[in-house]
Ligand SMILES: [Zn+2]
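Numbering (the numbering used here), first residue to last: 1 to 143.
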């Protein structure tokens, strides 16, 4: 990977055959980033996405081994068990320009992975919400 930083903004280039979630998570850990917003585009392969079944309280998972365009990656960083946790959703497209999308578990860069990360100096963290069945964000103020 390569990166460039200006103040709280990071331009991140994830290179061919690098795992996106793994790279971003390690980057946040190494940079001491606790909260952030991340967006990105590129071309990926070996992707696993999911959709959350709110009744069963588990993810329906689907794997896409083929090369797909990464149309949009939108995510955030919070602390989970005191370490940075990247939560992201993606829209992908195939060579017929049809799209797939979902909660991203992991994907590998097939050509390029171009991301922007905006650091947020907050203390947002996740805690298991029994009703939802997922570790949900906890923020400073509740109204
Ligand atoms: Zn999600």
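All C-beta atoms, glycine included, are put in the ideal place defined by N, C-alpha and C.
beta-carbon residue 95 near ligand 1 non-hydrogen atom, thresh 7 Å: no
Neighbour-count burial assignment, residue 132, 16 or more Cβ in a 10 Å radius: exposed
Cα-Cα separation between residue 35 and residue 115, rounded to whole angstroms: 16 Å
Nonlocal neighbours in the same chain, by C-beta distance under 6 Å from residue 2, ignoring five residues either side: So the list reads 13, once near-sequence residues are dropped.
Those residues which DSSP pairs with residue 89 across a bridge: 74 and 103
Spatially closest choice to residue 48 from 122, 109, 96 and 28, by CA coordinates: 109
Exposed unless 16 or more other CB atoms sit within 10 angstroms - verdict on residue 77: buried
Residue 65 vs residue 45 beta-carbon contact at 8 Å: yes
Nonlocal neighbours in the same chain, by C-beta distance under 6 Å from residue 63, ignoring five residues either side: 48
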